[in-house]
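Here is the structure we will look at, set down as structure tokens.
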Amino acid sequence: MASENEIGAAAAADAGLAFALPARHARGRLVRLGPVLDDILSAHDYPAPIARLLGEALVLTALLGATLKDAGGQLTLQAQTEAGIVDLLVADYRGGELRGYVRFDRERLAEQPSQPSLFALFGKGYLAITFDQAVSNERYQGIVPLEGGSLAEAVEHFFVQSEQIPSLVRLALGDGGHVAGGILLQHLPEGEEGRERLHARLDHPEWEHVRALGGTISAAELADPELPLETLLWRLFHQEDEVRILASVTLTRGCRCSHDYVRGVIARFAAEERAAMVDDDGFISVDCEFCSRVFPIRVSDLES
Ligand SMILES: [Zn+2]
Numbered sequence: 006m007a008s009e010n011e012i013g014a015a016a017a018a019d020a021g022l023a024f025a026l027p028a029r030h031a032r033g034r035l036v037r038l039g040p041v042l043d044d045i046l047s048a049h050d051y052p053a054p055i056a057r058l059l060g061e062a063l064v065l066t067a068l069l070g071a072t073l074k075d076a077g078g079q080l081t082l083q084a085q086t087e088a089g090i091v092d093l094l095v096a097d098y099r100g101g102e103l104r105g106y107v108r109f110d111r112e113r114l115a116e117q118p119s120q121p122s123l124f125a126l127f128g129k130g131y132l133a134i135t136f137d138q139a140v141s142n143e144r145y146q147g148i149v150p151l152e153g154g155s156l157a158e159a160v161e162h163f164f165v166q167s168e169q170i171p172s173l174v175r176l177a178l179g180d181g182g183h184v185a186g187g188i189l190l191q192h193l194p195e196g197e198e199g200r201e202r203l204h205a206r207l208d209h210p211e212w213e214h215v216r217a218l219g220g221t222i223s224a225a226e227l228a229d230p231e232l233p234l235e236t237l238l239w240r241l242f243h244q245e246d247e248v249r250i251l252a253s254v255t256l257t258r259g260c261r262c263s264h265d266y267v268r269g270v271i272a273r274f275a276a277e278e279r280a281a282m283v284d285d286d287g288f289i290s291v292d293c294e295f296c297s298r299v300f301p302i303r304v305s306d307l308e309s
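Take any residue in the sequence shown, note its place counting from 1, add 5, and you have its number in the working numbering.
The following block contains the structure:
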């Protein structure tokens with residue numbers, strides 16, 4: 006049986022913290038993933054570079070998902086390429102639940118060095134970030150070219166270019182990829198989200214100050230499962246007048262696939278198309294790309 010300490014450490018490992026620095030008009034998020042990351046990766050047999058990439062993408066997804074205002078909203082991060090080794094990367098967040106997968110070319114990846122660059126993996130690609138708000142039923146999507154040396158840089162670029170919000174993003178992996186952490190810091194001088202701005206002012210003194218403090222965070226701190234996020238937050242900003250903790254969230258692995266959902270998808274195919282997919286036993290087997298669960302659908306059930 007796990008001791009109380011172990012339970013506490015596990016709970017702290019898959020967590021997100023939302024905070025604000027009111028006097029600087031800044032807000033931020035800290036995220037750490039441990040067991041949830043292992044859980045998600047264990048559904049796949051990914052080589053190290055792909056596992057690292059998905060680990061970073063999941064931290065990013067959690068950082069961005071925590072900015073959703075309503076709890077039922079969904080955040081989807083999707084990276085797509087034209088002819089990259091990685092063809093598609095998808096990760097999403099809803100109500101603290103994370104999931105994700107990567108589609109890639111195993112043979113081409115094997116020809117790469119052990120730590121291929123972002124460009125080597127994606128080539129010419131695009132990053133799409135979609136915010137679905139459940140309450141208002143609003144959907145917003147921003148798309149930017151996948152540029153820079155890392156996913157973190159690409160997302161900073163997304164916020165500056167697409168949202169006009171000065172942002173700092175840092176991601177780190179530790180313990181051989183079993184722990185991941187990240188920080189997102191943003192400057193919102195207008196004091197509210199979604200307000201039209203013509204351009205982001207990256208040299209605002211408030212933002213320069215916040216960015217400098219946030220930039221002192223180390224990869225080792227971000228990916229240290231023993232270091233509570235609250236402690237990390239205090240280390241960074243203890244000299245500020247006020248650091249307001251807005252929310253803390255426990256992150257879990259979640260997938261929304263179900264037999265009924267898959268059956269519904271298959272039912273929409275024409276009978277001739279289904280006939281081409283069915284196996285000798287009369288089943289069409291569909292596996293969920295997120296969690297690798299397999300759903301055998303009996304075709305005769307659909308036709309009755
Ligand atoms: Zn699934």
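Backbone N, C-alpha and C fix where the C-beta goes; we use that ideal spot for every residue, glycine too.
Contact check, residue i vs residue j, beta carbons under 7 Å
i    : j    : result
C262 : A48  : no
A252 : A23  : yes
L151 : F136 : no
G21  : V41  : no
S167 : V149 : yes
Cβ neighbour criterion (16 or more within 10 Å) applied to residue i
i    : result
A18  : buried
L227 : buried
E87  : exposed
Q191 : buried
T66  : buried
V174 : buried
D208 : exposed
T81  : buried
L218 : buried
P52  : exposed
R111 : exposed
Closer than 6 Å: residue i CB and nearest ligand 1 heavy atom
i    : result
R298 : yes
F295 : yes
Continuous alpha helix (DSSP H) stretch holding residue i: start and end
i    : result
D44  : 40 to 47
T72  : T72 -> no alpha helix (DSSP H), and no H or E assigned at all.
G181 : From DSSP, G181 is part of no alpha helix (DSSP H); its letter is neither H nor E.
G219 : 210 to 219
F242 : 234 to 242
Any non-hydrogen atom of ligand 2 closer than 6 Å to residue i Cβ
i    : result
S223 : Ligand 2 is absent from the structure shown, which contains only ligand 1.
Practice item. Would you mind listing the beta strand (DSSP E) stretches within the segment 93 to 157 that are 3+ residues and don't spill past its ends, in chain order? Key: Considered as a whole, the segment 93 to 157 harbours 102 to 109, 130 to 137, 144 to 150 as its complete beta strand (DSSP E) runs of no fewer than 3 residues, in chain order.
Point to revise | Every unbroken alpha helix (DSSP H) inside the segment 245 to 271 [4 residues or more] | key: Those alpha helix (DSSP H) runs which fall completely within the segment 245 to 271 and span 4+ residues do not exist here.
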